[in-house]
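Input: a single structure, listed below in structure tokens.
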Amino acid sequence: MTTANLNNWTVESYTAAQFSNTYHHVDANWVVDPGGTSVSQITDCLPSFFYSDFNAFDNTIEVELVTGNRDDDFLGFALNFQPGDTTNPNPDILVVDW
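Residue numbering for the sequence shown follows my numbering, beginning at 598 and increasing consecutively.
Now the structure itself:
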């Protein structure tokens, strides 16, 4: 299995105008480690996506999730996410979160 280079991935966030006071109106701050093999979301922020630079369809994806003693926010995966979906009024995505 090939390790993905997370330095090539993209962050896309919802804007404060799209939400009421449900979320802190702070932009996402995804920090990729120097080797490009892990990423951390280090702010309590608006919902965001950190998506790949490749099509994951018909590929096996293996992920290790570590929450440590961080916040109690949602964590999950978005299937069929397309760039621009945070501003699309009818995105065709499936979000699996917990």
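For glycine and all other residues, C-beta sits at the position ideal for the given N, C-alpha and C.
- The Cβ atoms of L676 and I690 lie closer than 8 Å to each other.
- Sequence-distant partners of V693 (beyond 5 residues in either direction) whose C-beta falls short of 6 Å from its own C-beta, in its chain, are G673 and F674.
- One thing to note: Y611 has its Cβ within 8 Å of the Cβ of T683.
- In the structure shown, the three-state DSSP call for A613 is helix.
- Per DSSP, Q679 is not a residue of any beta strand (DSSP E), being assigned neither H nor E.
- The Cβ neighbour count for F616, taken over all protein chains shown within 10 Å, is under 16; the residue is labelled exposed.
- Burial is judged here by how many other beta carbons sit within 10 angstroms of a residue's own beta carbon; F654 has fewer than 16 and is exposed.
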